[in-house]
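Count along the sequence shown starting at 1, add 2, and that's the number in this note's numbering.
No residue lacks a Cβ here, since even glycine has one placed at the ideal position from N, Cα and C.
Report on one structure; see the data block that follows.
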Amino acid sequence: MHHKITIEPFRIKAVEQIKLSTREARQQYLRQAAYNPFLLKSEQVIIDLLTDSGTSAMSAAQWSALMRGDESYAGAKSWERLEAVIKDLTGFPYILPTHQGRAAEHLLYTRLGGPGKIFISNTHFDTTRANIEYSGAQAIDIPIAEARRPDHIHPFKGNIDTLKLGQLIEQHGAQSIGAVILTVTNNSGGGQPVSMANAREVSRICRQHGVRFILDACRIAENAYFIKHREPGYEDKSYRAIAQEMFRLADGCIMSAKKDGLVNIGGFLALNELELALQCRTVLIITEGYATYGGLSGRDMEAMAVGLEEVFDPDYLHYRIASTAYLGNKLYELGVPIVRPVGGHAVYVDAQACYPHIPPAQYPGQALACNLYIEGGIRCCEIGSVMFGKYDESGKLIPAPMELVRLAIPRRVYTQSHIDYVIATFAELMQHREAARGLRITYEPPFLRHFTARFEPL
Ligand code: F0G
Numbered sequence: 003m004h005h006k007i008t009i010e011p012f013r014i015k016a017v018e019q020i021k022l023s024t025r026e027a028r029q030q031y032l033r034q035a036a037y038n039p040f041l042l043k044s045e046q047v048i049i050d051l052l053t054d055s056g057t058s059a060m061s062a063a064q065w066s067a068l069m070r071g072d073e074s075y076a077g078a079k080s081w082e083r084l085e086a087v088i089k090d091l092t093g094f095p096y097i098l099p100t101h102q103g104r105a106a107e108h109l110l111y112t113r114l115g116g117p118g119k120i121f122i123s124n125t126h127f128d129t130t131r132a133n134i135e136y137s138g139a140q141a142i143d144i145p146i147a148e149a150r151r152p153d154h155i156h157p158f159k160g161n162i163d164t165l166k167l168g169q170l171i172e173q174h175g176a177q178s179i180g181a182v183i184l185t186v187t188n189n190s191g192g193g194q195p196v197s198m199a200n201a202r203e204v205s206r207i208c209r210q211h212g213v214r215f216i217l218d219a220c221r222i223a224e225n226a227y228f229i230k231h232r233e234p235g236y237e238d239k240s241y242r243a244i245a246q247e248m249f250r251l252a253d254g255c256i257m258s259a260k261k262d263g264l265v266n267i268g269g270f271l272a273l274n275e276l277e278l279a280l281q282c283r284t285v286l287i288i289t290e291g292y293a294t295y296g297g298l299s300g301r302d303m304e305a306m307a308v309g310l311e312e313v314f315d316p317d318y319l320h321y322r323i324a325s326t327a328y329l330g331n332k333l334y335e336l337g338v339p340i341v342r343p344v345g346g347h348a349v350y351v352d353a354q355a356c357y358p359h360i361p362p363a364q365y366p367g368q369a370l371a372c373n374l375y376i377e378g379g380i381r382c383c384e385i386g387s388v389m390f391g392k393y394d395e396s397g398k399l400i401p402a403p404m405e406l407v408r409l410a411i412p413r414r415v416y417t418q419s420h421i422d423y424v425i426a427t428f429a430e431l432m433q434h435r436e437a438a439r440g441l442r443i444t445y446e447p448p449f450l451r452h453f454t455a456r457f458e459p460l
């Protein structure tokens, strides 16, 4: 069915200009941004790989659906359409719209959390962990051991350690477990997929102990692609049917539609328990908006209803996963150390292996992110000791377990020549990797420092 060359299965109807820049200009921009790519202006960036969240290009069908938006405060037609799509996809009867994923997390985890409660996940995404900890509860990550070895090949590196899961539930007692959360695909673990067998085992363990099982489903279509192509027994199932099967294993889900919903804003919480849904709905109305729009406009809901269907198109998903793998495999061929196998939405570069001469306390990931910007105007995000580093009592850095840089690919936005440009930029960087220098922090806020910290090159 698929030819040797995977083409973008779309043509371009509207374009957004990219401002090209010189190396000298970029050196100045980066200095002004205190060597933190988050502080750059987007127009100073040539290829923006900061995130795949909310950065998708919408289809003509989505743009035209916007005009159908029913902006009624209550009971809008657009809500009916969106609710029907989500119910059909997830099978959950109670749907709460929110403006993005973390708003749904806030509704659910403040209900289920609180002091003494424990949440267990393959890996909690940052906002998930923050919402859980903010409630006073504890978040524990138990990915399989293979997940922590960047170069180790495993088809489902996003899996949770089910043996540890059973032990943790028994150790803490089912009553104290707020929920078990499977993040599909596992973003923080490299965009790695979770197998259906693993989800089924999680479901079985949770049912056996009477513990709630929640899916963080923001990249579930990409996860379904990996299941179809890697897990025996799923070759002939559609991507959508695979996603539906996974939803059926859980008691509810949270979805940031800014990823596989193919929209720039939107999300939802879906549950199968009426009582819990009613409690969350009360908070929804207090904090987000009325129950039939959450934090969204009618047109946002229309775009999301269309996006949630489009994302399961086989040609789209094949192009999506193949184009991420194309970038990863080309980088690997160049000798760039990356997390393998390549995940769904991003390529994760092992910056420590790339710059072995830069110690964690001089932030090799930040150095690589800065060099990518200066060399090619490419913006990406450090996921290492800038993001997760802590200090001990003497003020010494406790480094993150890995020093990674994430090249996240916006959906339907960049063409192959953009990606070839990223590859060529890496080829250039690899030539003088020994000359790369680390950085030191000159300012940092007490929380989430990676967003606003300021740096100086050493
Ligand atoms: N869960 C996962 C797995 C995510 O990756 C994100 C967001 C969220 C929840 C929160 O959703 O942003 O709509 O509030 N991830 C983005 C990223 C920010 O860049 O990976 P949100």
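Whether residue i touches residue j by CB criterion (9 Å)
| i | j | result |
| --- | --- | --- |
| Ile162 | His126 | no |
| Ser58 | Val265 | yes |
| Phe121 | Tyr136 | no |
| Glu430 | His359 | no |
| Gln210 | Gly93 | no |
| Leu109 | Leu286 | yes |
| Phe215 | Phe158 | no |
| Pro152 | Met404 | yes |
| Leu84 | Met306 | yes |
| Arg1 | Glu224 | One cannot answer for residue 1 here, as it falls past the ends of the chain, which runs 3 to 460. |
| Pro362 | Leu399 | yes |
| Ile49 | His347 | no |
| Leu167 | Arg283 | no |
| Ser23 | Gly309 | no |
| His101 | Gly268 | yes |
| Thr129 | Arg113 | no |
Chain-order list of residues whose beta-carbon lies under 6 Å from that of residue i (same chain, five-residue window excluded)
| i | result |
| --- | --- |
| Gly378 | Thr427 |
| Arg242 | Phe314 |
| Asn188 | Asn124, Thr125, Gly160, Gln194 |
| Pro117 | Gly138 |
| Ile134 | Tyr111, Gly115, Phe121, Ala141 |
| Glu148 | His154, His156, Lys159 |
| Gly235 | none |
Residues of its chain near residue i, where Cβ-Cβ distance is below 7 Å and the 5 sequence neighbours each way are ignored
| i | result |
| --- | --- |
| Ala201 | Leu184, Met248, Leu251 |
| Pro459 | Tyr37, Arg439, Leu441 |
| Asp72 | Ala78, Lys79, Ser80, Gly300 |
| Phe12 | Arg414 |
| Tyr75 | Tyr292 |
| Ile222 | Val186, Ala245, Met248, Asp262 |
| Leu51 | Ile380, Arg381, Cys382, Leu409, Ala410, Ile411 |
Residue i in three-state terms, based on DSSP
| i | result |
| --- | --- |
| Arg221 | coil |
| Gly168 | helix |
| Asp262 | coil |
| Pro99 | strand |
| Tyr416 | coil |
| Met257 | strand |
| Glu458 | strand |
| Lys392 | strand |
| Thr444 | strand |
| Gly269 | strand |
| Leu42 | coil |
| Arg381 | strand |
| Ile142 | strand |
| Asn133 | helix |
| Asp163 | coil |
| Asp90 | helix |
| Asp302 | helix |
| Gln29 | helix |
| Leu251 | helix |
| Asn188 | strand |
| Ile400 | strand |
| Asp317 | helix |
Sheet register partners of residue i (DSSP bridge)
| i | result |
| --- | --- |
| Val349 | Leu409 |
| Val182 | Ile122, Phe215 |
| Pro152 | BP columns for Pro152 are empty, so no partner. |
Neighbourhood of residue i by C-beta, 8 Å cutoff - its chain only, sequence neighbours within 5 removed
| i | result |
| --- | --- |
| Ile142 | Ile120, Phe121, Ile122, Ser123, Leu170 |
| Arg28 | Gln46, Tyr375, Ile376, Gly379 |
| Val213 | Ile171, Ala176, Ile179, Ala181, Val182, Ile207 |
| Val338 | Val351, Cys356, Phe428, Met432 |
| Asn331 | Val344 |
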